[in-house]
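Position one of the sequence shown corresponds to residue 17 (our numbering), numbered consecutively onward. Beta carbons are placed, not taken as given, at the ideal position from N, Cα and C, and that holds for glycine. No experiment lies behind these values; they were computed from the predicted model shown. Below: the structure, in structure tokens.
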Amino acid sequence: MTQRYEYKFVRLGEGFLAARKEAEKTYQDVIHQHAQEGWRLVQVFAPGIGGYGAAKYYEIILERQR
């Protein structure tokens, strides 16, 4: 039997530095909210470095069985 998964990508903190700071504060709430819907955290990804040495945005990668 093959297990099948679906994936969801939630991007946080795009935009100005204030938006990124807010994303750093709220990412745990976003993960908990999705967990209640059956999603499992796979990874928090922060591609590229923007100004002031901070990530340009954060992407939360989630999965759940179909």
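Under DSSP, the beta strand (DSSP E) around residue i begins and ends at which residues?
i, result
"Ile76", "Tyr74 to Gln81"
"Gln59", "Arg56 to Phe61"
"Arg27", "Tyr21 to Leu28"
By how many angstroms is the C-alpha of residue j removed from the C-alpha of residue i?
i, j, result
"Glu75", "Phe25", "6 Å"
"Arg82", "His50", "15 Å"
"His48", "Leu28", "15 Å"
"Val58", "Gly31", "24 Å"
"Tyr23", "Gly54", "11 Å"
"Ala71", "Arg80", "27 Å"
"Asp45", "Ala39", "10 Å"
From the DSSP secondary-structure annotation, give me the bridge partner or partners of residue i.
i, result
"Ile65", "Ala71"
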